[in-house]
């Protein structure tokens with residue numbers, strides 16, 4: 011080959027990366043490719059189009075031709091420089107720094123790209139996964155579980171997808187960022203395993219979270235930089251996610267969603283699978299409820315996960331315990347109650363005649379769980395755990411829009427509900 | 033011999049006076065019309081000739097020139113037929129010139145001399161000013177509304193005889209009353225349940241806030257939109273004339289009186305840009321936006337409208353009028369309408385939370401069809417939920433009637449007028465602080481909305497205007513409080529989300 015004089019200095023990871031960036035090359039195909047020789051010699055074979063089609067793995071002659079054409083425009087040097095420039099670590103199976111949990115796996119990735127701080131791996135790891143079409147309840151649970159796990163020194167693993175995944179990452183990030191940058195960074199933090207390449211994290215709306223994860227945690231990907239993302243790569247990464255974790259917690263999942271795939275991968279690897287129960291009439295909880303019926307361990311709070319891990323319940327990272335009880339936004343309001351004349355808190359008498367629908371809401375922790383009474387209580391009861399339209403609430407509770415607005419604003423300011431557009435979700439417990 | 037006859041022509045929704053000058057001279061027999069006539073106007077030569085000869089009058093076999101002054105104004109339509117025929121008669125000494133000086137002539141001629149109704153009689157008669165209009169019987173009612181002592185006759189011969197004093201002018205047959213086409217039979221009380229949606233319509237009618245309704249098929253979006261005009265008060269004299277003028281110019285005026293009820297226009301999403309905005313013929317017919325002026329423009333299936341059409345609505349939404357410019361002519365037409373749009377929440381249309389099976393990508397694609405600047409115009413973004421079937425089947429009516437709401441809306445509109453605007457929505461940003469001050473808790477509420485990113489600064493301004501409208505509806509004095517704001521927020525929804533919960 012013409013570039014043989016440089017390529018002597020290139021590590022074999024560069025050739026592996028080049029091979030992995032070919033069309034339709036997944037974990038199985040690359041393993042088959044490597045059965046033909048060293049990465050460098052295989053690359054030469056591919057380039058010259060002299061690769062013999064493989065019987066078992068459905069590598070056809072047509073595929074070989076396609077790779078030969080495609081490889082003309084790929085240079086291992088270029089790809090290698092790109093990885094180095096962007097600070098991506100390239101780990102091949104067996105190299106130093108390659109995660110032990112993966113090395114012992116039945117289907118270890120031949121090649122792994124990483125960005126961020128690899129020390130996060132030293133902590134115990136728990137995966138929090140779930141549907142992309144999550145309810146407010148699911149997002150809240152994922153967020154607070156991730157937050158509390160991180161505070162207990164556990165690394166939270168997830169897939170950086172929409173819905174539950176991004177909520178879990180946000181929760182972990184909140185806990186880490188609350189610690190501040192001054193002290194030495196803790197051994198735990200968010201760990202993302204993504205199905206796209208590191209330089210174009212997918213989906214787009216999560217770009218910001220992805221950047222924060224790199225800054226405060228670690229991202230793994232099997233996909234070489236510059237390779238366009240493809241739908242088949244996302245389920246494939248689930249096995250890495252499962253293999254890296256000691257426990258997989260499913261927060262919300264449809265009965266045949268991608269999270270159920272992760273669960274199967276986890277069960278194949280003898281990982282503990284836990285599920286968060288949800289309303290039985292809610293599609294987004296159908297999968298998790300089925301898991302519970304089939305014998306998965308129920309996760310009713312962070313304590314259950316800690317017990318499974320054999321950790322004690324002591325908080326490693328001290329914070330204000332009152333904060334976890336309700337979503338962040340409401341907590342912010344609660345903090346400022348003393349300083350500022352906030353509306354809807356406490357609530358004035360409602361026109362219906364009930365004296366004081368919310369009792370006297372004080373922000374003491376012993377009162378935090380007391381349910382609202384009166385009209386507000388009726389509304390909360392009606393909500394159940396399913397998002398409900400304001401129209402339905404007004405009709406069912408026989409409230410005028412004005413009274414409804416007053417009750418909802420008061421409930422929202424205290425963190426009981428969240429109003430998104432015309433939909434109301436119950437938030438706190 | 034020269035004759036000058038007064039008439040008028042239509043451009044957009046306005047009539048313009050026209051002098052029809054007819055010159056009959058010796059020479060080879062010919063007939064020419066000059067002065068920017070369009071095709072239908074040039075045809076009046078043939079109709080006038082046939083009408084004169086079939087009426088038993090004499091067509092002069094001479095050189096006839098007709099000039100339509102002012103010559104820079106494009107003349108369209110057949111309303112000048114009668115004036116041309118009268119001019120020929122005067123110029124050929126069959127009618128005394130002094131007999132016609134007090135009259136303006138409007139009407140289309142049939143070949144048998146019959147007078148046929150004209151499009152835009154209302155603005156055309158209005159443009160004649162101080163002279164007595166002579167109009168066809170079919171347009172007489174419109175002429176009566178605005179003209180000074182109008183007269184009518186069934187045929188060209190009838191007009192000539194009446195002018196000469198040989199016969200009286202025709203009178204209107206009192207039994208011949210056309211049926212009003214806009215019959216208001218719907219009432220808000222027909223709508224089952226849906227108290228929030230009803231309240232939203234009330235606020236929209238009072239404050240002029242545009243409404244976007246999102247809901248699954250069969251939720252009652254169309255039913256609600258059709259009832260919005262019934263919540264609005266009767267049009268005042270000025271608006272009634274304006275609306276009637278537009279409908280007359282579009283050839284859709286079939287009323288006994290000026291149009292007093294706010295119109296509802298609901299163009300289908302296949303409507304062309306010209307049909308929506310106006311233009312088309314050289315007379316520049318008013319489009320749907322003008323026809324909906326002072327009333328409601330309802331766009332069902334908003335997402336199905338071509339993007340260009342929707343974005344073209346933005347200018348009339350801002351300025352309340354539409355500027356139509358063509359190479360030959362341009363016109364400004366009123367377009368101060370209340371926009372009500374309806375759309376499905378997602379491609380599958382199920383809408384109920386958790387039942388929709390559309391992928392996240394499909395939802396994004398669906399939502400992208402509506403441009404941000406357009407969505408920004410909607411102050412009220414309402415999720416319309418189908419009413420509970422149990423309540424529908426019991427059939428007991430509830431909620432306010434249209435008349436009850438209309439009383440509150442009239443009161444709120446009167447308060448807006450006292451602030452110098454038609455509706456609160458038109459209040460300038462600089463005037464908000466003066467007209468809608470906030471209580472201390474209300475300020476805290478707004479600050480929280482801004483802090484957690486639920487609302488933008490612009491969104492907060494719109495919210496305050498809605499809260500002001502709500503306060504007006506409750507007829508309460510004093511600054512806007514947090515309950516007003518919370519109710520406005522309930523109707524508006526957040527700035528970020530439109531459509532299905534996901």
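Residue numbers (this note's numbering), protein chains in the order written: chain A, 11 to 439; chain B, 33 to 534. C-beta atoms are modelled at their ideal positions from N, C-alpha and C, and glycine is treated no differently.
| Asked | Found |
| --- | --- |
| By DSSP's criteria, residue 137(B) is part of a beta bridge. Which residues make up the other side? | 166(B) |
| Does residue 274(A) pass the burial test, meaning 16 or more other C-beta atoms within 10 Å, or should it be called exposed? | exposed |
| Select from 402(A), 397(A), 398(A) the residue whose C-alpha is nearest the C-alpha of residue 421(B). | 402(A) |
| Check whether chain A comes within 8 Å of residue 269(B), counting only Cβ atoms and requiring the distance to be less than that. | no |
| What are the boundary residues of the alpha helix (DSSP H) that residue 424(A) is part of? | Segment: none, residue 424(A) is in no alpha helix (DSSP H) and carries neither H nor E. |
| Any Cβ of chain A within less than 8 Å of the Cβ of residue 496(B)? | no |
| Counting contacts by CB-CB distance shorter than 8 Å, is residue 267(A) in contact with chain B? | no |
| In the stretch 217 to 250 of chain B, which residues sit with their C-beta less than 7 Å from some C-beta in chain A, listed in chain order? | 225, 226, 227, 228, 229, 231 |
| Helix, strand or coil: which one does DSSP assign to residue 26(A)? | helix |
| In terms of residues, what are the limits of the beta strand (DSSP E) holding residue 99(B)? | 95 to 101 |
| In the DSSP assignment, what residue or residues form a beta bridge with residue 172(B)? | Paired residues: none, contrary to the question. |
| Thinking just about the alpha-carbon of each residue, which of 245(B), 468(B), 502(B) is nearest to the one in residue 443(B)? | 502(B) |
| Closest to residue 201(A) by CA distance: which of 398(A), 237(A), 253(A) is it? | 253(A) |
| In chain B, which residues lie less than 7 Å from residue 416(A) when you measure between Cβ atoms? | 515, 518 |
| Do residue 326(B) and residue 287(B) have their CB atoms nearer than 8 Å? | no |
| Where residue 161(B) and residue 59(B) are concerned, what is the direct C-alpha to C-alpha distance, given to the nearest angstrom? | 37 Å |
| Where does residue 433(A) fall in DSSP's three states? | strand |
| Going along the stretch 387 to 416 of chain A in order, which residues come within less than 7 Å of chain B, judged by CB to CB distance? | 396, 397, 399, 400, 401, 402, 404, 405, 410, 411, 412, 414, 415, 416 |
| By Cβ distance below 6 Å, which residues in the same chain neighbour residue 96(B) in space, the five residues on each side in sequence not counted? | 56, 63 |
| Once DSSP output is grouped into helix, strand and coil, what is the label at residue 237(B)? | helix |
| Return the residue from the list 51(A), 133(A), 420(A) that minimises the CA-CA distance to residue 382(A). | 420(A) |
| For the alpha helix (DSSP H) containing residue 358(B), name the first residue and the last one. | Where residue 358(B) is concerned, there is no enclosing alpha helix (DSSP H), given that its DSSP letter is neither H nor E. |
| Nearest chain A C-beta to residue 521(B) closer than 8 Å, yes or no? | yes |
| With DSSP collapsed to three states, give me the class of residue 90(B). | coil |
| To the nearest angstrom, how far is it from the Cα of residue 301(B) to the Cα of residue 235(B)? | 26 Å |
| Consider the Cβ of residue 415(B): report whether some Cβ of chain A lies at a distance smaller than 8 Å. | yes |
| Going by CA-CA distance only, name the one from 352(B), 431(B), 233(B), 305(B) that's closest to residue 416(B). | 233(B) |
| In terms of alpha-carbon separation, which member of 134(A), 129(A), 62(A) lies closest to residue 321(A)? | 134(A) |
| Which residues of chain A have a Cβ atom closer than 7 Å to the Cβ of residue 525(B), listed in chain order? | 431, 432 |
| How far does the beta strand (DSSP E) with residue 135(A) in it reach, from first residue to last? | 135 to 139 |
| Where do the N-terminal and C-terminal ends of the beta strand (DSSP E) with residue 521(B) fall, by residue? | From DSSP, residue 521(B) is part of no beta strand (DSSP E) but of the alpha helix (DSSP H) over 514 to 524. |
| Please list the partners that residue 420(B) has in chain A, where partner means a Cβ-to-Cβ separation under 9 Å. | 402, 405, 406 |
| Please list the terminal residues of the continuous beta strand (DSSP E) segment that includes residue 492(B). | Residue 492(B) -> not in any beta strand (DSSP E); alpha helix (DSSP H) instead, spanning 489 to 505. |
| What residues in its chain sit with their C-beta under 6 Å from that of residue 432(A), if we drop five residues either side in the sequence? | 399, 400 |
| From residue 74(A) to residue 53(A), what distance separates their C-alpha atoms? | 12 Å |
| Does the Cβ of residue 139(B) have 16 or more other Cβ atoms within 10 Å, making it buried, or fewer, making it exposed? | buried |
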